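Per the UniProt record's numbering, the very first residue in the sequence shown carries number 1; after that it's consecutive.
Beneath this line is the structure, given in structure tokens, with notes to follow.
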Amino acid sequence: MTSNDKENTHNHIGSTSNQKETQTSTSILPTRTNIQQQNTDTTGSASNQKDSQTSTSILPTHTTIQQQNTDTAGSTSKQKETQTSTSILPTSTTIQQQNTDTAGSASKQKETQTSTSILPTRTTIQQQNTDTAETGPSPSHTPTQTPLSPDQETQPRTSNDTITSPPITTITPLTSTQPPSTLHTFTSITDTTGSPCQYSVLKSMKEKEAHVVNINGSKNQNYTISIKDKHNEIRAEQISNQTAFEIPFEWLKPCTVYTVSVDDCKLSGNNTFTSSKNGETVPKTVVSSVTDNKVCLNGVFTGIQWNLTECVNITEQNSCVSSTHTVVLDTCTYTMNVDLPPVKPLINFNETIPSQFEWMNKPARCNATLIINCTNNENKSSTIHDLNTPVSLLPDTEYNCTGEYPYEKQHIKSNELSFQIKCDWRNNGQFQQRSNSSLKISWNSLEGDKCSGIKWDSYSVSCKIRGSDGSSDRVNCTKLSGTSAVCNITRLTPYKKYDCNITGTVNQKYYRIYTGNNATLSDKPSIKPETKVPKIIHPSHNSLEINCEKMKKDLVWNGGEGTFTAEITYNGETITAGPEDKCFFTFSDLYYLATYDVKITAVNKEGDSAFITYKANTLYNDKAVVGFLVFLIIVTSVALLFVLFKIYLLKRKRTAEDEEIPLTPEPLRRVEPIYADGLVEAYKTKIADESRLFMDEFQSIPRIFSNYTIKEAKKQENQSKNRYVDILPYDYNRVTLSAGGEDDYINASFIEGYQEPKKYIAAQGPKDETVCDFWQMVWEQKSSIIVMVTRCEEGNKIKCAQYWPSLDRETEIFDDFVVKIRSEQHCPDYIIRHLILNNKREKASEREVTHIQFISWPDHGVPGDPSLLLKLRRRVNSFKNFFSGPIVIHCSAGVGRTGTYIGIDAMIESLEAEGRVDIYGYVAKLRRQRCLMVQVEAQYILIHTALIEYTMFGETEVSLSEFHSVLNTLRQKDGSDPSLLEMEFQKLPKFKKWRTINTGSSEDNKKKNRYSDVIPCQ
């Protein structure tokens, strides 16, 4: 019997193959016919073989009909009918029909009919149906009559195995009646053309090979061998110049049906085999690959190494569990055990520094943790972080971070986070201190900012003058903590605006975290050492003209541009000129042929100064000498007297000039002096209209004369010695202590009296830290009287420290000075204390100091009765002696009450000496010697009322011991003239006329007065 293989076809998804009818008739004589018919439909094509008919033979025929239908990818192949006519002799007919349906194909054999024959006919029909899963191309099986090996025939079947039906043998009668056939009959007995090669598949006898493909009789030396299971082509090999190809076990799965084909070669024998079941049913499981939510497993056998692979999808339900997976093959099953990893991790993090990463979808069953790998996109460096540990990333830096879960020597990666933490670098710093050459800045991280948790490694600061290109050296700051610092910048230029920035360092990366600006304080002007001496011009023999304009080139103001003053000194006598905006001065009426010490001082607007000194000479007075000689020759005696007189006048003039206080450039009002008998009228005029004239006069006097320097008082080391920052003594008349240098300062000024220089010392009330300086001043100035015009505390405010001992302690020691109290006398308006002062450094005898404290000055305003101050003045003057030094007068600041008392005392002396007073001029003179003297308008008016009181009534105070004798004197009469007592009484009615009663006599208040002539004064 001959078998012809016309074509191998592949069956694809959704095909349907219908074999409608196969009919075999009887033959008269025995005839053997082999008919093999195959229909192939690919990719939606339809091939219909309508009719295949074999004619009758005279001799008995043996007919074998093999029919195979293959439908690929939705094709439909229908074999409508195959009919074999009757034969006279008995016929043996074998019909083998095979239908293959792949991925949803339907193969239907509609009808197989064998007609009756005259002689008995043997018909064998073999039908096989194969259903393959929808996983791709599946090879159709070419039916063979004998299996490849006994092993494969006895393999157990599974639901996926190919089911082959046994041959069906039908005995037909010798004769039959058959209807006419409408099918077309095609008969193929043998392949007349021949095939270029043949191949056969045999079982291998080697240990590592399963089967061998033998290829014979081919002129072509290149082949493509394909190995397929029911679902897929698992291997396609290109071979050259080989006649035998070995299929190893490691390509195959156990218990699986495979089909082998060779392109352009004819099959010899069977090309289908089933792999055996060898090895363990539960092999060792090895993870071969891990992708997103999928794990692929390999089974490892101890014997034959099969290619057993299974892939498992990972879900939230099976994450991190021990799982058993059954692999169902064609003829057996295998079990694979594996611990599954988690589903693909999803990570997030809080966008702060330090940062914390979070595993968002971590299954509760997973004990292992993620490893966070962050890549810095700037320098491409990578860092590894633990999931539960805070991570200090760099601000303003781009990162890509991925979580990695270790699993079976591999890593399951999470989603990738790309981010950049932006920081709020607001100016969270402030300037704490500044001097003329330094700035101090403090910085703290901003609370609530994303980057407030950065632990800075170090801080540094640099400053540059605004508008300039250069900057100071970068200076390291003092690190208080990882989030705060203090920066000190020194060696700066005074009186300059600086732009400063603070830089923080973390992980060797620099960030500017603060930018601010401030100005250094002023300093005294600086003059270069090589400054040229100003040009000296002699307009005359005894005058000097100093031009120092060129000095400005070598001068740095270190503050607001100010003024210049010049001083020339000869034999201790000093003449001052200026201040002037221009450095140009003229001095005249000087000594002839004299060497003067010249001092040029530059004072900026902040009151700081610097100076240069040099010497200048006046010329020889040749004209005066010639005249003097001529005159001496003519009249020696007269000339001598003239010269002596001239010298006298010159000395007097110099003395007067020396005593003059330099005038202020601010113009003062011209207020005429007031004579004694005009005081009341002048007072009434000025007090009228709500004291408008008094106010205008008082306000026209400058509070501070800016042409006088206060450099010493403003020095840093002396500022703590001042009770008030705006009450400072002028440099030219301040009291200096003998310590010298920087320790000679005390807030006190020499004040001129009426035609008496340095009669008073106006001082501030001693502070606790200046009490020793106060007693040193009293000792060195030989003062024997201290007038205190305040209480130590007024209105819950400290006005003055108690610098004398109380009666309880008796003695107080202030450094080198020992103060003892001998007695204390309390009067209604004042307290008199007799003190003893000793200096431990000197062996001189002790000194008596009278301390008079006026206690009737109210907290606000002025005393209502000016006679109280007149009484105080009389008491103070009663303790004066010729040898005592200046009277020390102080209140709290040493200007208001102190200036009022001095004004009253000096103007009474002027009234007594000249019969007139220049109160306005004297108050202005006081302010030239100490700022703000007579501080408020009420004190200015009080001086006027005290002088009126003194002029009208004089001194009427009588001591108790002298009262009777004085009273008798007052009562005495001289004829018809009134007594002194009557004269005093007659003055009283006039007293009210200089006090206004405007309020009491107004229309609204008249009805409130019982008597119209008894009305209170203002």
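Here a beta-carbon is modelled for each residue, glycine too, at the ideal position from N, C-alpha and C.
None of these values were measured; they are calculated from a predicted model.
If you count every other CB in all the chains shown that lies within 10 Å of the CB of residue i, and 16 or more means buried, which is it?
i            : result
T54          : Annotation note: pLDDT 35 at T54 (below 50); position unreliable, no value reported.
T601         : buried
G562         : buried
Q776         : buried
R1010        : exposed
V862         : buried
residue 1020 : Residue numbering for the chain in the displayed model covers 1 to 1018; residue 1020 lies beyond these limits and cannot be assessed.
S910         : buried
G429         : buried
V934         : buried
residue 1019 : In this structure the chain extends from 1 to 1018, so residue 1019 is not present and cannot be described.
Y510         : exposed
I798         : exposed
Considering only residues of the same chain and omitting the five flanking positions on each side of residue i, which have a CB-CB separation below 6 Å?
i     : result
E712  : D731 and Y745
G217  : C197 and Q198
P254  : S275, K277 and W306
T569  : D597
S1002 : none
I908  : Y950
L932  : R703 and V895
When the Cα of residue i is compared with those of the options, which residue comes out closest?
i            : options                   : result
H851         : L868, W857, G864 and F879 : F879
V391         : P579, D229 and E358       : E358
R916         : Y407, N232, Y675 and E580 : Y675
T823         : G753, Q699 and R833       : Sequence check: residue 823 is Ser here, not Thr. Nearest of G753, Q699 and R833 to S823, Cα basis: R833.
S484         : T999, G453, H231 and L970 : G453
S784         : I761, I902 and I633       : I761
I513         : S442, T520 and K582       : S442
S681         : T389, H944, Q317 and S381 : Sequence check: residue 681 is Glu here, not Ser. Comparing Cα-Cα distances from E681 to each of T389, H944, Q317 and S381, the minimum goes to H944.
P534         : S540, E545 and H541       : E545
D457         : P494, T326 and V506       : V506
M788         : F854, Q755 and R734       : F854
R841         : N881, A946, W857 and S738 : S738
H231         : E237, Q221 and Y258       : Y258
Y591         : V638, I647 and G403       : I647
N571         : N377, T595 and Y334       : T595
S322         : M336, D330 and D469       : M336
C463         : C451, T969, L947 and F431 : F431
residue 1020 : G896, P866 and R703       : With the chain covering only 1 through 1018, there is no way to say anything about residue 1020.
V818         : R809, Q825 and H826       : R809
V603         : L555, T272, F642 and T586 : L555
My guess is that residue i and residue j are in contact by the Cβ rule of under 8 Å, so how many angstroms apart are they, rounded?
i    : j    : result
I227 : I239 : Their Cβ separation, rounded to whole angstroms, is 13 Å, which puts I227 and I239 out of contact at 8 Å.
L297 : V282 : About 12 Å; that fails the 8 Å criterion.
N293 : K362 : That belief does not hold up - the Cβ atoms of N293 and K362 are roughly 15 Å apart, past 8 Å.
T291 : V338 : About 15 Å; that fails the 8 Å criterion.
R692 : A893 : Their Cβ separation, rounded to whole angstroms, is 27 Å, which puts R692 and A893 out of contact at 8 Å.
S437 : R491 : 6 Å
D905 : K871 : The Cβ separation is near 13 Å, so there is no contact.
R927 : F705 : 6 Å
I384 : G403 : Their Cβ separation, rounded to whole angstroms, is 11 Å, which puts I384 and G403 out of contact at 8 Å.
A763 : H890 : 4 Å
L942 : L679 : Not confirmed; about 14 Å, so no contact.
Would you say the beta carbon of residue i comes nearer than 7 Å to a heavy atom of the ligand ATP?
i     : result
S1002 : The model depicted lacks the ligand ATP and carries no ligand whatsoever.
So, at 8 Å on beta carbons, what are the nonlocal neighbours of residue i in its own chain, with the 5 sequence-adjacent residues on each side left out?
i            : result
K721         : Y745, I746, N747, K767, E769, T770 and D773
K582         : E549 and F564
residue 1023 : Nothing can be reported for residue 1023: it is not among the residues displayed for the chain, which extend from 1 to 1018.
Got a sec? Which residues, its chain only, sit under 7 Å from residue i by beta carbon, not counting five neighbours each side?
i    : result
N415 : L346 and I347
A938 : G861 and V862
I633 : none
Counting only runs that start and end within the stretch 416 to 473, where is the beta strand (DSSP E) found for 3 or more residues in a row?
Whole beta strand (DSSP E) segments, 3+ residues: 429 to 434, 439 to 444 and 458 to 465.
Those runs of the beta strand (DSSP E) which lie wholly inside the stretch 351 to 386 and span at least 3 residues:
Fully contained in the stretch 351 to 386 are the following beta strand (DSSP E) runs of length 3 or more, in chain order: 357 to 359, 371 to 376 and 382 to 386.
Which whole runs of the beta strand (DSSP E) in the stretch 574 to 600 are 3 residues long or more, in chain order?
You should have 584 to 587.
So within the stretch 772 to 846, which uninterrupted beta strand (DSSP E) runs reach at least 3 residues, ignoring any that extend past its ends?
The DSSP assignment places 785 to 788, 811 to 814, 817 to 826 and 830 to 839 as complete runs of the beta strand (DSSP E) inside the stretch 772 to 846, in order along the chain (cut-off: 3 residues).
As an exercise, report each continuous beta strand (DSSP E) stretch of at least 3 residues that is fully enclosed by the stretch 477 to 516, in chain order.
Unbroken beta strand (DSSP E) runs of no fewer than 3 residues, entirely contained in the stretch 477 to 516, are found at 478 to 481, 484 to 489 and 497 to 506, following chain order.
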